[in-house]
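Chemist: Below are the structure tokens for one structure; questions will follow.
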Amino acid sequence: MPSYTLTINNEKKVISANPDTPLLWVLRDILDLTGTKFSCGIGSCGACTVHYKGNPVRSCTLTVATALEGNITTIEGLSADGTQPIQQAWKDLDVSQCGYCQSGQIMAATALLSKNPKPTENDINTAMAGIICRCGTYTRIRKAIQLAASKSEE
Amino acid sequence: MKSTLDRRTFIKLTASASGALVAGVCFQSCTTDKLPATVYGFSPLIKIDTDGWTTLIAKNPEIGQGIKTALPIILAEELGADWEKTKVVQGDYDEIYEEQWAGGSYAIILNWDLMRTAGAKVRQVLIEAAAKKMNHPANELSTRNSRVIHIKSGDSLPFEELITEASKIPLPETVEFKPIDSFEIVGKNIPQVDLDQDVRGTTKYSIDVKLPEMVYATVLKNPVFDGGVSSWDDSITRTVDGVLDIFELDNKAYGGRLIGPNSPNFVNGIAVIANSTWAAFKGAEKLNVVWDNAGSRMESTEGIFERFHSQLTSTSIERKDGNVVTAKRKAASIFEAVYELPFLAHLTMEPMNCTVDFRADLCEVWAPTQNPKALQEGLIKLFGLKPEQIKIHLPRIGGAFGRRYYVDYAMDAAVLSKKMGKPVKLTWTREEDIKHDWYRPASVHKMTASLNAAGMVTGWQHILANASRKTSLGREGNPAGTEIDSYEFPGGFVPNLQFEYGHVLSDVPLGQWRAVGHSATAFAVHSFLDELAILNNTDPIDYFLKFLGPARMVPVVDDYEFDLKRLITVIEKVRQISNWETRLHEGQGRGFAASKHSGSYIAEVVTVHMDKNDKVRILRVDAVVDCGIVINRSGAEAQVVGGILEGLCAALYGEITIADGATVQSNFHDYRWMQLDEVPDIHIEFVKNDLPPRGLGEPPLPPAAPALANAIFAATGQRIRKLPIIKQL
Ligand code: FES
Ligand code: FES
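Structure representation (structure tokens):
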């Protein structure tokens, strides 16, 4: 098995895995970063969303061999204490239900705000498209993104 | 307040080694000397520590319904604990807790009195202890913010200073509940107790469990329902890096298809064990299996629905009031309509998985289950274990919606861990999860109304034909179940009324789905009532109110009645907040439906816009809910929004189709789910009253589909009699 050096949450990690192993399973099974979730495995639900080079990507469809060039941020690396503005807004509005989709939602939302601090309704729809919440927390997700955006303006 | 449950309750109180006061609780079926050993020496509910923190045990499985927050709120309220100095810890499965399951929106209904009693009795003991120390009479003392207080003098003592004294006091025989109007925590917006860890990604689901020596597994099941394995070739699988072993899973070797009267065993197939989940997935993909489908009916959706339709004329009577035949003869007119609903999948966000460490002395399980008791029973049946050899942990669960009422996937994992002699984490792929679900039954409903000259209903006949949950896969020996219960609406409201059931046997695995039977019947009943209103040229809300008649108690069946005052109140209120009377733009329409479920009354109005391509856009949903006392305002609202969205989404897109005896759909790309941009504005109001709290997980769902279909009719004149809607437009 080849070994790879990944940059995860700004730390270098050396791991051994087959080249076709999706980043998702490297994070979960090898590095114990289980905040990134498996749900569909084919890129159609968003539960496994992480940032790669600052962009939101589905870690179930990104193989480890193609994720070597930049920093990978997972939910665990967003903040030390859960107070990143999106995380804070999520807490202010009690967004989570079963919680299982939430790290994917939060990773997509933080990627959006980092590029576009004042997203329109449409920008939010586009950025969050395909990230499924089976419990139906969408109304609070939208409000939380707007809340975090409005706070960053202050 | 009158107790809804007649249950003997007593509590053991002790000062633990760390000096904390721990109150365990034991309901009806045990005695204190039989209390099993757990973290605190016995199954606890309340622990008051010397540092002033209170730990409350959440005993029921948390599936996203907020029960891990709601039950401790009730405990804290009666105790008088400071919520900000309260920790909540999930309890393991333990018979002593009783009613430790999630389903039917029952957790609050069944635990309200139990939680109040436990909290109140510990408060009574703390007050008695304080009375001695403070020299004030007990009846002048109360608790607040984790202190016993004497309001007149302003004296107070924190709970932690009363531990030693309190632990010597026997628990009171009689319980004194707090007056409801003095509640300080119940009814507030309390964030979910795990919210901080949810947003940090540190919440542990069973899919996240990692144990020393643990290996990973997945399964490939025969896609044809109830099929078996004929032969298989695993030569390529064995070459996959990381694959450790391959086993056949044959339920015949483990007691057959059932592990309890209503509890199916695991489904036949092949399991791949590996040193990582990914290697197991890859290995399973490379299996070459010849399936044994000799026993299969090899059904298709079309064939199944044909059989449903022909069964409409061969039925059993499930309820008969008056005489529908005479009513038809005397009717000024008769109106008939037939409605069809598809099979639905659950698609919990966290796929089926389970971790089991099957050791010689103890079988330890981490399971995403709504029904730990069924899991325990299954392990007893499959392996001859004794209850004390089984430990079931209840981690957080990534959605359930009825799927996890069944424990087939946990049986898989237990068999594999026993075979490997190691802890095994089994993870199903999403494809397996969809293809081996226990689906919401599809159904056909033939509705017939006899109408008088004024267009009002004098006779009502509802014939439902389908394959029943109660006799599906492996349960064909059960008495022919019915999917139309005698308490179905409008039983009790129409003098001549008949419910009939046409029973069809099918291989399709069927089970509970959010709101169970009502998820289907409500669509037929409330679409039909809307059709009758339109036929009568009457506003649908006016027609429904006239159909219900004046506010009164309506007995439906023994022990079940409608309080029409409550139903009418939510209807009038939703009419007002939805601006029902105001005009809409061209291409827009409003639809209404209202029902009672799990003791709660709910009325909904859906507003839609149809664009030129007949694409439906849901603009707004208004809902008014009377669920009695609201325990947690924030959690309650989340349940109502979630239930409505699930109802709308299933009505629009939800459909499992069957071909060649197997499910066609395989993942989120072909089982569509609602996305953020489709979500309407949702306005929710709760009726404020002091009545005992009732269910909320399911009640919001049933009215959503008919309200949506009725709105589409109002917008376009097109009547939707068959779901999913997307296929009809
Ligand atoms: S698990 Fe990666 S998109 Fe669904
Ligand atoms: S919170 Fe359960 S899937 Fe989103």
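These protein sequence lines map, in sequence, to chains A and B. The working numbering puts the first residue of the first sequence at 0, with every later residue one more than the last. The working numbering puts the first residue of the second sequence at -17, with every later residue one more than the last. Here a beta-carbon is modelled for each residue, glycine too, at the ideal position from N, C-alpha and C. If you're wondering where the values come from, they're calculated on a predicted model, not measured in any experiment.
If contact is defined by three or more beta carbon pairs under 8 Å, each pair taking one atom from either stretch, is the segment 136 to 145 of chain A in contact with the segment 88 to 103 of chain A?
Modeler: yes
Chemist: Counting contacts by CB-CB distance shorter than 8 Å, is B:Phe650 in contact with chain A?
Modeler: Your numbering for residue 650 of chain B matches position 668 in the second sequence. Answer yes: the Cβ-Cβ gap between B:Phe650 and chain A drops below 8 Å somewhere.
Chemist: Is A:Ser38 close to ligand 1? I mean its beta-carbon at under 7 Å from any heavy atom of the ligand.
Modeler: Residue numbering aside, residue 38 of chain A sits at position 39 when the first sequence is read from its first letter. Distances between the C-beta of A:Ser38 and the heavy atoms of ligand 1 include at least one below 7 Å.
Chemist: Given a cut-off of 8 Å on the beta-carbon distance, is the pair A:Thr73 and A:Leu26 in contact?
Modeler: Along the first sequence, one-based indexing puts residue 73 of chain A at 74. Along the first sequence, one-based indexing puts residue 26 of chain A at 27. It is a contact, given that the beta carbons lie within the stated cut-off.
Chemist: Between which two residues does the alpha helix (DSSP H) carrying B:Gln713 extend?
Modeler: With chain B running from -17 to 711 in the structure shown, residue 713 of chain B is simply not present.
Chemist: Can you name the residues of chain B whose CB is closer than 7 Å to the CB of A:Asn17?
Modeler: Indexing the first sequence from 1 puts residue 17 of chain A at position 18. The contacting residues are Asp223.
Chemist: Would A:Glu10 count as contacting chain B if we go by Cβ distances under 8 Å?
Modeler: For this step, residue 10 of chain A is matched to residue 11 along the first sequence. Not an interface residue.
Chemist: Taking its Cβ as the centre, do 16 or more other Cβ atoms sit within 10 Å of B:His500, making it buried, or is it exposed?
Modeler: Taking the first residue of the second sequence as position 1, residue 500 of chain B is located at position 518. Its Cβ being crowded by 16 or more others within 10 Å, B:His500 is buried.
Chemist: What separation, rounded to the nearest whole angstrom, lies between the Cα atoms of B:Ile145 and B:Ile162?
Modeler: Here residue 145 of chain B corresponds to residue number 163 of the second sequence, with the count starting at 1. Here residue 162 of chain B corresponds to residue number 180 of the second sequence, with the count starting at 1. Near 27 Å, if we compare the C-alpha coordinates of B:Ile162 and B:Ile145.
Chemist: Taking only beta-carbon atoms, is B:Pro685 less than 8 Å away from chain E?
Modeler: Here chain E cannot be found, since the structure's protein chains are A and B.
Chemist: Return the CA-CA distance between B:Glu300 and B:Glu66, expressed in angstroms with no decimal places.
Modeler: Sequence index remark: in the second sequence, residue 300 of chain B carries index 318 (1-based). Sequence index remark: in the second sequence, residue 66 of chain B carries index 84 (1-based). Roughly 52 Å between the two C-alpha positions.
Chemist: Pull up the distance between the alpha-carbon of B:Arg289 and that of B:Val486, whole angstroms please.
Modeler: The residue labelled residue 289 of chain B in the question sits at position 307 within the second sequence. The residue labelled residue 486 of chain B in the question sits at position 504 within the second sequence. Those two C-alpha atoms are separated by around 7 Å.
Chemist: If B:Asp604 sits next to B:Val587, beta carbons under 8 Å apart, how far is it from one beta carbon to the other, in whole angstroms?
Modeler: For the purposes of this step, residue 604 of chain B is taken as the residue at position 622 of the second sequence. For the purposes of this step, residue 587 of chain B is taken as the residue at position 605 of the second sequence. That belief holds up - the Cβ atoms of B:Asp604 and B:Val587 are roughly 5 Å apart, short of 8 Å.
Chemist: With hydrogens ignored, establish whether the beta-carbon of A:Tyr99 is closer than 7 Å to any heavy atom of ligand 2.
Modeler: Indexing the first sequence from 1 puts residue 99 of chain A at position 100. Flag set: Cβ of A:Tyr99 near ligand 2.
Chemist: Would you mind working out which of B:Glu80, B:Gly86, B:Ile109 sits nearest B:Asp95, comparing C-alpha positions?
Modeler: Reading the second sequence from its first residue, position 113 is the one you call residue 95 of chain B. Nearest Cα to B:Asp95 within the set B:Glu80, B:Gly86, B:Ile109: B:Glu80.
Chemist: Give me whichever residues DSSP pairs with B:Gly625 in a beta bridge.
Modeler: In the second sequence, residue 625 of chain B corresponds to position 643, counting from 1. None; B:Gly625 has no bridge partner.
Chemist: Compare the C-beta of B:Leu326 with all C-beta atoms of chain A and state if any pair is closer than 8 Å.
Modeler: Residue numbering aside, residue 326 of chain B sits at position 344 when the second sequence is read from its first letter. Chain A contact via Cβ: absent.
Chemist: Considering only their Cβ atoms, is the gap separating B:Ala58 from B:Ile167 smaller than 8 Å?
Modeler: Sequence index remark: in the second sequence, residue 167 of chain B carries index 185 (1-based). Sequence index remark: in the second sequence, residue 58 of chain B carries index 76 (1-based). Cβ distance < 8 Å, so B:Ile167 and B:Ala58 count as in contact.
Chemist: Would you list, in chain order, the members of the segment 26 to 51 of chain B that have their beta-carbon closer than 9 Å to a beta-carbon of chain A?
Modeler: Glu44, Ile45, Gly46, Gln47, Gly48
Chemist: Could you round the C-beta distance between B:Ser425 and B:Pro688 to whole angstroms and report it? I think they count as a contact, below 8 Å.
Modeler: The count along the second sequence starts at 1 and reaches residue 425 of chain B at position 443. The count along the second sequence starts at 1 and reaches residue 688 of chain B at position 706. Contact flag wrong, Cβ pair sits at about 14 Å.
Chemist: Tell me the start and end of each unbroken alpha helix (DSSP H) in the segment 317 to 383 of chain B that is at least 4 residues and wholly inside, in chain order.
Modeler: 354 to 365
Chemist: Could you check where the alpha helix (DSSP H) with B:Gln72 kicks off and where it finishes?
Modeler: As a working note, residue 72 of chain B is residue 90 in the second sequence. Note, B:Gln72: premise wrong, no alpha helix (DSSP H); beta strand (DSSP E) at 68 to 72.
Chemist: Using a beta-carbon distance cut-off of less than 9 Å, what residues from the segment 17 to 36 of chain A approach chain B?
Modeler: So the close ones are Asn17, Asp19, Thr20, Pro21, Leu23, Trp24, Val25, Arg27, Asp28, Ile29, Asp31, Leu32, Thr33, Gly34, Thr35, Lys36.
Chemist: Does the beta-carbon distance from B:His444 to B:Val249 come in below 8 Å?
Modeler: Reading the second sequence from its first residue, position 462 is the one you call residue 444 of chain B. Reading the second sequence from its first residue, position 267 is the one you call residue 249 of chain B. Contact annotation: B:His444 and B:Val249 have beta-carbon atoms that are not nearer than 8 Å.
Chemist: Measuring straight from C-alpha to C-alpha, what distance separates A:Arg141 and B:Leu658?
Modeler: Translated into positions along the first sequence, residue 141 of chain A becomes position 142. Translated into positions along the second sequence, residue 658 of chain B becomes position 676. Distance between the alpha carbons of A:Arg141 and B:Leu658 is about 8 Å.
Chemist: Based on the DSSP output, what are the partners of B:Lys302 in its beta bridges?
Modeler: For the purposes of this step, residue 302 of chain B is taken as the residue at position 320 of the second sequence. DSSP, once it has assigned bridges, lists B:Gln480 as partnering B:Lys302.
Chemist: Counting only C-beta atoms, is A:Asn124 closer than 8 Å to chain B at any point?
Modeler: Taking the first residue of the first sequence as position 1, residue 124 of chain A is located at position 125. Answer yes: the Cβ-Cβ gap between A:Asn124 and chain B drops below 8 Å somewhere.
Chemist: So A:Thr119 contacts chain B; which residues on that side make the cut at Cβ distance below 9 Å?
Modeler: The sequence position of residue 119 of chain A within the first sequence is 120, counting from 1. Here the premise fails: no neighbours, minimum Cβ distance about 12 Å.
Chemist: B:Gln174 touches chain A at which residues, Cβ-Cβ below 7 Å?
Modeler: For the purposes of this step, residue 174 of chain B is taken as the residue at position 192 of the second sequence. When 7 Å is used as the limit between beta carbons, B:Gln174 is near these residues of chain A: Asp93, Ser95, in chain order.
Chemist: Taking 7 Å as the line, does the beta carbon of A:Arg57 fall inside it for any heavy atom of ligand 1?
Modeler: The sequence position of residue 57 of chain A within the first sequence is 58, counting from 1. For ligand 1, at least one heavy atom lies less than 7 Å from the Cβ of A:Arg57.
Chemist: One question on the structure: do B:Gly62 and B:Arg105 come within less than 8 Å of each other, judged by their Cβ atoms?
Modeler: Position 80 of the second sequence, counting from 1, holds the residue named residue 62 of chain B. Position 123 of the second sequence, counting from 1, holds the residue named residue 105 of chain B. For B:Gly62 and B:Arg105, yes; Cβs fall inside 8 Å.
Chemist: So what's B:Trp562 in DSSP terms, helix, strand or just coil?
Modeler: Translated into positions along the second sequence, residue 562 of chain B becomes position 580. It is coil, neither helix nor strand.
Chemist: Check this for me: beta carbons of B:Asn204 and B:Trp273, under 8 Å apart or not?
Modeler: Here residue 204 of chain B refers to the residue found at position 222 of the second sequence. Here residue 273 of chain B refers to the residue found at position 291 of the second sequence. It is a contact, given that the beta carbons lie within the stated cut-off.
Chemist: Tell me the residue span of the alpha helix (DSSP H) that contains B:Met98.
Modeler: Translated into the one-based positions of the second sequence, residue 98 of chain B becomes position 116. Going by the sequence as given, residue 98 of chain B is Arg instead of Met. Unbroken alpha helix (DSSP H) run through B:Arg98: 89 to 116.
Chemist: A:Glu75 CB to nearest chain B CB: under 8 Å?
Modeler: Taking the first residue of the first sequence as position 1, residue 75 of chain A is located at position 76. Judged by the 8 Å Cβ criterion, A:Glu75 is in contact with chain B.
Chemist: In this structure, does DSSP put A:Thr65 in helix, strand or coil?
Modeler: Counted from its first residue, the first sequence places residue 65 of chain A at position 66. Helix, per DSSP.
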